[in-house]
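Asks:
Numbering (my numbering), first residue to last: 2 to 222.
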């Protein structure tokens, strides 16, 4: 970045409110799997803000350093909201219970989350679109977004041990110890059968970009 660009950015920071960005108050580190190829697994850094009691929105990065790439976005809803969604929409979402109870989800460099917060999060569902596939070497966000899934306790959904160890070593945490400390996390009474769709049907979802006829009529005279 040039000196001129830095001056412009600093001036904008001083004069603009940046209110939406300042709502992202929590950093969560976890892992995600590509919905169309579960062998591709990535470490994720979610910066989340709460709009209300039932809805969080997260900007997702590939690392937590100053050169991090904005990899995508995840929306998180409570079970009460999720259960009101149409069945076809629910198939695009994943559960968070295993991710939390297994110790894979962590808040780096801060004490463990409060029990109540973990109880609530474990009952939520997320829809995560990856727009920049850094793991395959893309230097720019290329192609269509990819739908991501959460880790699960079955073979295809299990995160590679080397990824977990690398994360744990970096932040000096232990996923196994987090797992033990979360044994009392309530979790949901049941997980909606439309979530984590691949687990029951062994199929995923992918976007195919196609040409289409444009609407040429203006919405006003």
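Note that beta-carbon positions come from the ideal geometry of N, C-alpha and C, so glycine has one too.
Computed from a predicted structure; not experimentally measured.
Between the Cα of residue 122 and the Cα atoms of 218, 19 and 55, which residue gives the shortest distance?
Replies: Translated into positions along the chain shown, residue 122 becomes position 121. It is 55.
Asks: I'd like to check one pair, residue 197 with residue 95: are the Cβ atoms closer than 7 Å?
Replies: Indexing the chain shown from 1 puts residue 95 at position 94. Indexing the chain shown from 1 puts residue 197 at position 196. Going by C-beta atoms, residue 95 is nearer than 7 Å to residue 197.
Asks: Near residue 80, what residues of its chain come up, given a Cβ to Cβ distance below 8 Å and the 5 sequence neighbours on each side ignored?
Replies: Reading the chain shown from its first residue, position 79 is the one you call residue 80. Here the set comprises 124, 125, 126, 189 and 193.
Asks: Can you grab the Cα-Cα spacing for the pair residue 160 / residue 102, in whole Å?
Replies: As a working note, residue 160 is residue 159 in the chain shown. As a working note, residue 102 is residue 101 in the chain shown. Cα-Cα distance, rounded: 14 Å.
Asks: With respect to the beta strand (DSSP E) encompassing residue 51, which residues constitute its N-terminal and C-terminal limits?
Replies: Counted from its first residue, the chain shown places residue 51 at position 50. It spans 38-53 - the beta strand (DSSP E) in which residue 51 sits, taken as one unbroken run.
Asks: Between residue 203 and residue 36, what straight-line distance do the alpha-carbon atoms span, to the nearest angstrom?
Replies: Numbered from 1 along the chain shown, position 202 holds the residue referred to as residue 203. Numbered from 1 along the chain shown, position 35 holds the residue referred to as residue 36. One C-alpha to the other measures close to 10 Å.
Asks: Residues in the same chain with beta-carbon distance under 8 Å from residue 108, minus the five sequence neighbours each way, listed in chain order, please.
Replies: For the purposes of this step, residue 108 is identified with residue 107 of the chain shown, where counting begins at 1. Cβ neighbours of residue 108 beyond the five flanking positions: 27, 28, 29, 30 and 114.
Asks: Please report the distance separating the alpha-carbon of residue 206 from that of residue 93.
Replies: If you number the chain shown from 1, residue 206 lands on position 205. If you number the chain shown from 1, residue 93 lands on position 92. Rounded to whole angstroms, residue 206 to residue 93 spans 8 Å at the Cα level.
Asks: How about residue 1 and residue 76: are their beta carbons less than 7 Å apart?
Replies: Shown here, the chain extends from 2 to 222; a query on residue 1 therefore has no answer.
Asks: Between the Cα of residue 38 and the Cα atoms of 191, 214, 211 and 150, which residue gives the shortest distance?
Replies: Residue 38 sits at position 37 when you count from the first residue of the chain shown. The residue with the shortest Cα to Cα distance from residue 38 is 150.
Asks: Give a yes or no on whether the C-beta atoms belonging to residue 130 and residue 74 are separated by under 7 Å.
Replies: On the chain shown, residue 130 is found 129 positions in, with the first residue counted as 1. On the chain shown, residue 74 is found 73 positions in, with the first residue counted as 1. Yes.
Asks: Can you look up residue 85 in the DSSP assignment and give me helix, strand or coil?
Replies: For the purposes of this step, residue 85 is taken as residue 84 along the chain shown, with counting starting at 1. In the structure shown, residue 85 sits in coil (DSSP, three-state: anything other than H, G, I, E or B).
Asks: Evaluate the contact criterion for the region 43-51 versus the region 172-191: three or more CB pairs, one atom per stretch, below 8 Å.
Replies: no
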